[in-house]
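Using UniProt numbering, read the sequence shown as starting at 1 and increasing by one per residue.
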Amino acid sequence: MPRRSRRRRSGLNGVFDQALHLILETTGRVIVSGMGKSGIIGNKIAATLASTGTPSFAVHPAEAYHGDLGMFTADDVAILISYSGETEEVIRLIPSLRHFGVKTIALVGNVQSTLGRNADLVLDISVEREACPNNLAPTTSTKVTLAMGDALAVALINRRHFKPQDFAIFHPGGSLGRRLLTRIKDVMHTNLPVCAPLDSLRDVIMTITQAGLGVGVVVDNGALKGVITDGDLRRALFHHDRMDSLTASDIMTRSPLTVNETEMFADAENIMLKASVTALLVVNDQGVLTGILKLQDASQLK
Numbered sequence: 001m002p003r004r005s006r007r008r009r010s011g012l013n014g015v016f017d018q019a020l021h022l023i024l025e026t027t028g029r030v031i032v033s034g035m036g037k038s039g040i041i042g043n044k045i046a047a048t049l050a051s052t053g054t055p056s057f058a059v060h061p062a063e064a065y066h067g068d069l070g071m072f073t074a075d076d077v078a079i080l081i082s083y084s085g086e087t088e089e090v091i092r093l094i095p096s097l098r099h100f101g102v103k104t105i106a107l108v109g110n111v112q113s114t115l116g117r118n119a120d121l122v123l124d125i126s127v128e129r130e131a132c133p134n135n136l137a138p139t140t141s142t143k144v145t146l147a148m149g150d151a152l153a154v155a156l157i158n159r160r161h162f163k164p165q166d167f168a169i170f171h172p173g174g175s176l177g178r179r180l181l182t183r184i185k186d187v188m189h190t191n192l193p194v195c196a197p198l199d200s201l202r203d204v205i206m207t208i209t210q211a212g213l214g215v216g217v218v219v220d221n222g223a224l225k226g227v228i229t230d231g232d233l234r235r236a237l238f239h240h241d242r243m244d245s246l247t248a249s250d251i252m253t254r255s256p257l258t259v260n261e262t263e264m265f266a267d268a269e270n271i272m273l274k275a276s277v278t279a280l281l282v283v284n285d286q287g288v289l290t291g292i293l294k295l296q297d298a299s300q301l302k
């Protein structure tokens, strides 16, 4: 198997990079076409490209020959899929695509096939045999075709510097899109458990309990001084024999992590995960406390 992988890599001979360049340079769309199982894989490839910044759609080759060729323009690039390279419906597209001036990338298992010889670029998807015990049903070959399509999509993501926020624009209806497009101020808690620096430990505990956020915020004359978490309370209990004389300023964590209310929720979530904390204090552009963000708030976006 390793020998096969090395042979495939060397067999591309830079064609993969040429295919990337061709797609990146096109001012039109990437149109994917294949018949049967190849067509199903082609639909997935087109969908992945479209959702990651490369305008793309799939065309059934038989329908193309009966009117859907009008979807092609000279600015487009066509990815034609046929493992044998001899699929009649796919091959019949070539003269028309040449007439339109459409550049073609072939995904074939036989580079010397009719499709392989007539495409502008050829990506080799050949396999030693199918997983099918009869070596007939497209199994291994469809996986390699899909892998090649995904490899193109991922490489294009890197070349285009496609970011999570860009991905979210094409997925606004799903939970991932909502998470990536939501700003902190849209989900933060504004009923704040505010404590004064000289509040007693009893008052601090009452404030935290009533708010139900698991934290208390120490504010003095509008200025943020610190945060008190359940961990701070436990440490105070462990280190002090007398609790009745403790105040909020004695047990608070100074210089707590904060985040601006205009930042994206996904960025704040990453901060919390990296810092191993479950809450962030939210401030505005003037540094004034405006809310608290909890890691559990992600559940609202599902």
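We treat Cβ as the ideally placed atom computed from N, Cα and C, and that holds for glycine. None of these values were measured; they are calculated from a predicted model.
Put residue i into one of helix, strand or coil per three-state DSSP.
i, result
"Phe57", "strand"
"Asp203", "helix"
"Gly231", "helix"
"Asp220", "strand"
"His240", "coil"
"Phe16", "helix"
"Pro2", "Only weak support is given to the placement of Pro2: the predicted model assigns it a pLDDT of 40, under 50, and the question is left unresolved by the model."
"Arg8", "Summary for Arg8: the model assigns pLDDT 46, below 50, so the residue's position carries little reliability; its value from the coordinates is reported in the next sentence. DSSP places Arg8 in helix when its eight states are reduced to three."
"Thr247", "strand"
Could you tell me whether any Cβ in chain B is nearer than 8 Å to the Cβ of residue i?
i, result
"Cys195", "Any reference to chain B falls outside this structure, which holds one protein chain only."
Does the separation of the CB atoms of residue i and residue j fall below 8 Å?
i, j, result
"Ile205", "Asp232", "no"
"Leu20", "Ala64", "no"
"residue 307", "Ser141", "Because residue 307 is not part of the residues shown, which for the chain are 1 to 302, the question remains open."
"Leu22", "Ile105", "yes"
"Lys225", "Pro197", "yes"
"Thr26", "Val77", "yes"
"Thr258", "Leu281", "yes"
"Thr229", "Thr207", "no"
"Met71", "Ile31", "yes"
"Val187", "Asp297", "yes"
"Glu263", "Val283", "no"
"Met35", "Thr73", "no"
"Val227", "Val219", "no"
"Asn110", "Gly85", "yes"
"residue 303", "Leu293", "This structure leaves residue 303 out entirely; the chain is present only between 1 and 302."
"Val154", "Val15", "no"
How long is the line joining the alpha carbons of residue i and residue j, rounded to whole angstroms?
i, j, result
"Asp215", "Gly222", "According to the sequence provided, residue 215 is Val. The question's Asp does not apply to it. Their Cα atoms are separated by approximately 18 Å."
"residue 381", "Arg160", "Here the chain comprises residues numbered 1 to 302, so residue 381 is not present and cannot be evaluated."
"Arg265", "Cys132", "At residue 265 the sequence reads Phe, which differs from the Arg that was named. One C-alpha to the other measures close to 46 Å."
"Thr190", "Gly53", "37 Å"
"Leu69", "Gly101", "12 Å"
"Leu213", "Arg129", "59 Å"
"Leu49", "Ser56", "6 Å"
"Ser255", "Val194", "16 Å"
"Val138", "Val144", "At residue 138 the sequence reads Pro, which differs from the Val that was named. About 10 Å."
"Gly28", "Val59", "15 Å"
"Lys185", "Gly291", "8 Å"
"Leu289", "Phe238", "30 Å"
"Gly17", "Asp124", "Looking at the sequence provided, one finds Asp at residue 17 rather than Gly. Asp17 and Asp124: Cα-Cα distance of roughly 13 Å."
"Arg7", "Asp120", "Note that Arg7 scores 42 on pLDDT, short of 50, meaning its location in the model is unreliable; the coordinates nonetheless yield the value given after this. Computed Cα separation, rounded: 22 Å."
"Leu97", "Leu181", "39 Å"
"Ser51", "Leu273", "27 Å"
"Ser10", "Leu146", "Confidence in Ser10 is poor, its pLDDT being 41 and thus under 50, which makes the residue's placement unreliable; the coordinate value appears in the next sentence. Their Cα atoms are separated by approximately 19 Å."
"Asp75", "Asn158", "23 Å"
"Ala47", "Asn134", "31 Å"
"Gly287", "Ser276", "23 Å"
"Thr278", "Glu269", "9 Å"
"Ser33", "Pro61", "6 Å"
"Asn43", "Arg117", "24 Å"
"Ser249", "Asp285", "25 Å"
"Thr209", "Leu192", "12 Å"
"Ala236", "Ala211", "21 Å"
"Leu115", "Pro95", "11 Å"
"His240", "Asp199", "17 Å"
"Asp203", "Ile271", "30 Å"
"Ser245", "Arg234", "16 Å"
"Arg3", "Arg183", "For Arg3, the predicted model reports a pLDDT of 42, less than 50, meaning its position is unreliable and no value from the coordinates is stated."
"Gly67", "Leu295", "53 Å"
Legend entry - Every unbroken alpha helix (DSSP H) within the UniProt domain "CBS" (252-302), with a cutoff of 4 residues, ordered by chain: Segments of the alpha helix (DSSP H) lying fully in the UniProt domain "CBS" (252-302): 265-275.
Inset, instruction - Report the residue ranges of all beta strand (DSSP E) runs contained in full by the UniProt domain "SIS" (19-162); include only those spanning at least 3 residues, in chain order. - result: Restricted to the UniProt domain "SIS" (19-162), the beta strand (DSSP E) segments that are unbroken, complete and at least 3 residues in length are 30-34, 56-58, 77-82, 103-108 and 121-124, listed in chain order.
Inset, instruction - Answer yes if the region 79-91 comes into contact with the region 38-45, meaning at least three C-beta pairs across the two stretches below 8 Å, and no otherwise. - result: Put simply, the region 38-45 touches the region 79-91. At least three CB pairs are less than 8 Å apart.
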